[in-house]
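If you're matching them up, the sequences are chains A and B in order.
For what it's worth, our numbering labels the leading residue of the first sequence as 10, then goes sequentially.
For what it's worth, our numbering labels the leading residue of the second sequence as 222, then goes sequentially.
Glycine included, every Cβ here is placed at the ideal spot set by N, Cα and C.
Single-structure report; data block below.
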Amino acid sequence: MSGINVTATAVFIFFFVLVTVMGFIAARWKAGDLNELHEWGLGGRRFGSWITWFLLGGDLYTAYTVIAVPAVVYAIGAYGFFAVPYTILIYPFIFLTMPRLWNATHKRGYLTGADFVYGAYGNKWLEGMVALTGIIATMPYIALQLVGMEKVIQALGFPHEGMAGHLPLTIAFLILAVYTYRSGLRAPAMIAFVKDIMIYIFVIAAVIIIPAKLGGYGAIFDSAQKDFAAQLAANPSAPARGILLAPAQIWPFITLAIGSAMALFMYPHSLTGVLSASGPKAIRHNAISLPAYSLVLALIAMLGYMAHAAGIKVQNPQDAVPQLFLAMFPSWFVGFTFAAIAIGALVPAAVMSIGAANTFTRNLWRPFVNQNMSPSEESTLAKLMSLVVKIGALIVILFLPTQFALDLQLLGGVWMIQIFPAIILGLYTRWFKGGALLAGLIVGLAMGTYLSYGPTSWVPVSKAFLGIPLYNGLTAVALNVLVALVLSFILPANKSDELTEADFRDAKA
Amino acid sequence: MRYILLLIPCIAAVLTPYYNITDPMLFGIPFFYWFLMVLIPASSLFIWLAAKTGGDDL
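If you want it as structure tokens, here you go:
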């Protein structure tokens with residue numbers, strides 16, 4: 010290591026301090042009683058269209074995405090672009106379903122997806138299983154935000170190994186933990202403004218400046234294709250790669266896009282972002298306007314090819330984007346982009362820990378440990394859980410190999426889709442029986458895990474159905490729905506269903 | 222009508238074998254990439270149209 014890049018580090022620290030101050034001030038923004046869970050954990054449901062746009066954008070398009078998507082594009086090409094059809098599929102779905110969910114949760118005072126599931130089916134075991142799946146899938150996601158942050162801190166010139174190398178990351182994360190504890194969802198909502206504007210600035214700069222330096226997009230695609238061809242010539246048994254999909258990649262590409270789109274809004278942090286909106290109107294506005302971030306994501310994905318054209322050679326593809334910026338930009342702007350990525354980790358990490366904490370408090374602790382919690386007890390427990398979840402993620406990154414978090418994240422996506430039937434079907438019909446959905450969920454979790462197990466590594470795709478390579482999450486959820494369907498004919502009626510169609514409709518203004 | 226409008230961008234997004242081609246290029250970018258990038262704002266437009274025709278409160 011040639012040492013620390015002082016200019017870049019100074020700019021980086023400036024922005025980091027700025028958002029830290031904002032994180033603490035946020036407690037007083039749109040003032041509410043933070044001793045109530047809906048205030049701490051959902052910002053009092055007072056976020057209008059604009060705030061929701063920044064918050065959800067910051068929450069869904071994470072730092073890890075900014076590093077990982079171009080990393081896959083750098084490594085194998087077009088396949089990494091599955092993120093684009095994935096994000097196209099999300100918004101028509103949000104437009105249709107999430108206003109219904111918001112209306113029901115608002116009317117009945119629900120704070121989480123699992124709250125809704127209990128209200129719809131009156132089955133606390135289903136509620137608990139939905140909650141547990143969400144929390145377990147969220148943990149590695151938080152850990153991977155730390156990986157995104159660690160990559161840019163290392164690229165600033167800090168050492169890779171040892172406690173000294175982990176110190177900046179640890180400090181940054183502990184600061185985040187403290188202001189999330191204090192300010193709740195208001196903190197990431199406020200920081201998201203800074204993060205998103207910074208990301209837009211660096212992406213616009215990157216897609217104009219870098220191609221201009223490298224001879225245009227035609228030259229960028231040509232050199233990427235040349236590199237892929239050379240890699241395959243050197244090692245014919247390597248996984249398929251190229252600037253178009255190989256025939257064998259088409260089904261995995263499609264099913265991964267569909268499955269990921271189904272999973273995304275089942276994660277507690279996505280639902281937290283949606284439920285904190287001020288109403289169904291704000292959600293519809295966002296279904297129309299959030300695709301702007303998808304465009305940014307597509308441009309970020311292109312950075313993987315630009316790294317080829319710039320001659321960046323890295324062992325770990327995840328270093329490609331930071332190295333590209335170091336090669337292409339002046340130091341002060343490198344500091345700016347790295348700060349954007351690091352702050353981009355703080356927003357989702359905060360919302361994820363809040364979503365997991367809300368879910369733990371409402372859907373595991375309350376039904377199974379203490380049914381009679383006061384709002385302030387709920388809030389205290391959730392604040393504490395948000396700390397536990399974040400410290401857990403930090404420990405995973407500091408003491409376990411990164412591959413552990415990556416594997417768990419892969420499985421997390423497969424697991425998350427399994428709660429899709431319970432939540433989404435419940436928005437339209439309560440014909441399905443709670444017990445049947447629980448059985449389907451458990452079968453889906455088992456099947457998804459079984460399909461993903463490989464002798465050398467966990468795999469996202471397998472040929473379980475007619476020899477076609479399909480995303481495991483999708484295969485498993487098909488079985489999940491089948492089980493729920495069949496058992497719903499047999500099992501007795503649900504204990505309770507407190508919801509009526511009117512609950513799902515917009516309140517008359 | 223509302224559902225058809227919402228379905229159009231979704232179907233276009235998963236017609237992968239049809240857009241997995243290089244030509245026609247745009248500014249040196251293969252079809253695969255610029256098609257998907259054009260589809261993003263197009264999907265916004267379809268959702269907006271769905272809201273308008275479906276009488277959703279916007």
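What does a CB cutoff of less than 6 Å around residue i pick up in its chain, not counting 5 residues either side in sequence?
i: I103 of chain A; result: A296
i: F24 of chain A; result: A348
i: A316 of chain A; result: Y83, A329 and L333
i: E387 of chain A; result: L46 and T370
i: Y264 of chain B; result: It should be pointed out that residue 264 of chain B corresponds to Ser in this sequence rather than to Tyr. The answer, listed in chain order, is P230.
i: F63 of chain A; result: A201, F202 and D205
Between the Cα of residue i and the Cα atoms of the options, which residue gives the shortest distance?
i: G131 of chain A; options: A:M456, A:E510 and A:L447; result: A:L447
i: L228 of chain B; options: B:Y239, B:L270 and B:D244; result: B:L270
i: V323 of chain A; options: A:A80, A:G50 and A:D42; result: A:A80
i: A502 of chain A; options: A:W260, A:L494, A:G444 and A:L333; result: A:G444
i: R439 of chain A; options: A:T411, A:R250 and A:V126; result: A:V126
i: V161 of chain A; options: A:V330, A:P478 and A:T96; result: A:V330
i: G435 of chain A; options: A:I404, A:M394, A:F377 and A:D506; result: A:D506
i: V156 of chain A; options: A:D515, A:F413 and A:A511; result: A:F413
i: A366 of chain A; options: A:V405, A:I144, A:V78 and A:I13; result: A:I144
i: Y240 of chain B; options: A:S287, A:V452 and A:P94; result: A:P94
i: G422 of chain A; options: A:W62, A:T458 and A:K442; result: A:T458
i: W49 of chain A; options: A:L110, A:T96, A:P410 and A:L120; result: A:L120
i: A455 of chain A; options: A:F33, A:A487, A:L280 and A:K442; result: A:A487
i: V4 of chain A; options: A:A431, A:S246, A:V492 and A:L312; result: Because chain A in this structure spans residues 10 to 518, residue 4 of chain A falls outside the shown range and cannot be described.
i: D42 of chain A; options: A:T389, A:S466 and A:N379; result: A:T389
i: T61 of chain A; options: A:E510, A:A286 and A:R293; result: A:A286
i: A270 of chain A; options: A:V305, A:E170 and A:T96; result: A:T96
Take residue i and list the residues in its own chain whose beta-carbon comes closer than 8 Å to its own, dropping the five residues that flank it on each side.
i: L254 of chain A; result: A87, Y88 and F262
i: I218 of chain A; result: M337 and F338
i: L247 of chain B; result: W255
i: I252 of chain A; result: G86, A87, F230, A233, Q234, F237 and Y314
i: I400 of chain A; result: A186
i: V113 of chain A; result: A small fix is needed here, since residue 113 of chain A is Ala in this sequence, not Val. Within the same chain, A113 of chain A has close Cβ partners Y119, F125, G128, L436, L508, D512 and F513.
i: I433 of chain A; result: T106
i: Q240 of chain A; result: A247 and R250
What does the alpha-carbon distance come out to for the pair residue i and residue j?
i: G352 of chain A; j: F182 of chain A; result: The residue you asked about is not Gly; residue 352 of chain A is Ile in the sequence shown. Approximately 11 Å, taken between the alpha carbons.
i: N44 of chain A; j: S385 of chain A; result: 5 Å
i: R375 of chain A; j: P238 of chain B; result: 49 Å
i: A272 of chain B; j: H115 of chain A; result: 22 Å
i: S303 of chain A; j: K504 of chain A; result: 42 Å
i: I499 of chain A; j: G449 of chain A; result: 14 Å
i: M10 of chain A; j: N381 of chain A; result: Residue placement at M10 of chain A is poorly supported in this model, since its pLDDT is 44, which falls under 50; the coordinates are not used for a value here.
i: A301 of chain A; j: P101 of chain A; result: 14 Å
i: M394 of chain A; j: F369 of chain A; result: 8 Å
i: A257 of chain A; j: F429 of chain A; result: 28 Å
i: T106 of chain A; j: L223 of chain A; result: 44 Å
i: W223 of chain B; j: D244 of chain B; result: Per the sequence shown, residue 223 of chain B should be read as Arg rather than Trp. Each residue's Cα considered, the two are about 33 Å apart.
i: A72 of chain A; j: I206 of chain A; result: 14 Å
i: T142 of chain A; j: W424 of chain A; result: 7 Å
i: V20 of chain A; j: M172 of chain A; result: 24 Å
i: T188 of chain A; j: E159 of chain A; result: Note that residue 188 of chain A is Tyr in the sequence shown here, rather than Thr. Going by the C-alpha atoms only, they are around 20 Å apart.
i: T484 of chain A; j: F474 of chain A; result: 8 Å
i: I477 of chain A; j: W260 of chain A; result: 7 Å
i: G32 of chain A; j: T411 of chain A; result: 28 Å
i: I22 of chain A; j: A318 of chain A; result: 30 Å
i: F91 of chain A; j: F252 of chain B; result: 15 Å
What distance in whole Å lies between the Cβ atoms of residue j and residue i, which are believed to be in contact at a cut-off of 8 Å?
i: Q154 of chain A; j: P357 of chain A; result: 6 Å
i: N481 of chain A; j: S461 of chain A; result: 5 Å
i: G268 of chain A; j: I99 of chain A; result: About 12 Å separates the two Cβ atoms, so there is no contact after all.
i: F211 of chain A; j: T346 of chain A; result: 4 Å
i: A36 of chain A; j: R191 of chain A; result: 5 Å
i: M361 of chain A; j: G122 of chain A; result: The pair is not a contact, with the Cβ atoms about 14 Å apart (cut-off 8 Å).
i: G364 of chain A; j: T147 of chain A; result: 7 Å
i: V468 of chain A; j: L479 of chain A; result: V468 of chain A to L479 of chain A, Cβ: 12 Å. No contact.
i: L226 of chain B; j: A307 of chain A; result: About 23 Å; that fails the 8 Å criterion.
i: L65 of chain A; j: G227 of chain A; result: With 8 Å as the limit, L65 of chain A and G227 of chain A do not qualify as a contact, their Cβ atoms being about 35 Å apart.
i: D68 of chain A; j: S298 of chain A; result: Rounded, the Cβ-Cβ distance is 15 Å, inconsistent with contact.
Near residue i, what residues of its chain come up, given a Cβ to Cβ distance below 7 Å and the 5 sequence neighbours on each side ignored?
i: L260 of chain B; result: P230, A233 and A234
i: W38 of chain A; result: R195 and M199
i: Q418 of chain A; result: P149, Y150 and L153
i: L335 of chain A; result: A164 and V343
i: S340 of chain A; result: N14, T16 and A17
i: G137 of chain A; result: N372, L373, P376 and F377
Can you determine whether any heavy atom of the ligand FAD sits closer than 6 Å to the C-beta of residue i, and answer yes or no?
i: A391 of chain A; result: Looking at this structure, you won't find the ligand FAD or any other ligand, since it has none at all.
message: Three Cβ pairs or more, each shorter than 8 Å: is that satisfied between the segment 47 to 63 of chain A and the segment 344 to 351 of chain A?
response: Cβ pair count under 8 Å is below three, so no.
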